[in-house]
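In UniProt numbering, the protein residues as written are 1 to 119. Think of the CB as a built atom: it goes at the ideal place given N, C-alpha and C, for glycine as much as any other residue. Here the structure is a predicted model, which means the values were calculated and not measured. Contents: one structure, followed by commentary.
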């Protein structure tokens with residue numbers, strides 16, 4: 001049975017509010033040759049409250065590093081840090097798999113202040 005055909009468990013509003021989804025701007029993107037799957041290291045600015053955080057992102061099919069700089073992204077900022085090869089990932093940049101399984105970023109369609117929380 002595929003994941004899509006399984007019943008989706010319900011969550012409470014309190015469950016949802018525990019997830020800190022925030023808007024940040026990519027200020028640097030670089031190749032991550034040590035990653036097991038093709039990935040970039042993103043440096044994302046979440047504004048003065050949260051600062052800049054690093055993330056490993058498997059988004060190499062649709063994006064080039066130079067095209068990512070300046071883009072707004074949505075990321076989970078309250079996961080524990082995770083060691084991924086030689087870097088410590090400090091947030092999870094969100095995206096969706098396309099029909100071929102490649103990741104397309106989840107992004108705001110308008111300019112919003114850095115650090116804004118999704119609710």
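query, result
"When you compare only the Cα positions, how much space is there between residue 1 and residue 7?", "In this prediction, residue 1 has a pLDDT of 45, which is less than 50 and means its spatial position is unreliable; nothing more can be read from the coordinates."
"Suppose only complete runs of 4+ residues qualify. What are the alpha helix (DSSP H) ranges in the stretch 54-94, listed by chain order?", "65-68"
"Within 10 Å of its beta-carbon, does residue 68 have 16 or more other beta-carbons around it, so buried, or fewer, so exposed?", "buried"
"Using the Cα positions of residue 60 and residue 10, report the straight-line distance between them to the nearest angstrom.", "33 Å"
"Given a threshold of 16 other Cβ atoms within 10 Å of its Cβ, counted over all protein chains shown, does residue 194 qualify as buried or as exposed?", "It is not possible to answer for residue 194, since the shown part of the chain is limited to 1 through 119."
"For residue 29, count the other beta carbons within 10 Å of its own beta carbon; 16 or more makes it buried, fewer makes it exposed. Which is it?", "buried"
"With a threshold of 6 Å on Cβ separation, who are the neighbours of residue 81 within its own chain once the five nearest residues in sequence on each side are excluded?", "88, 90"
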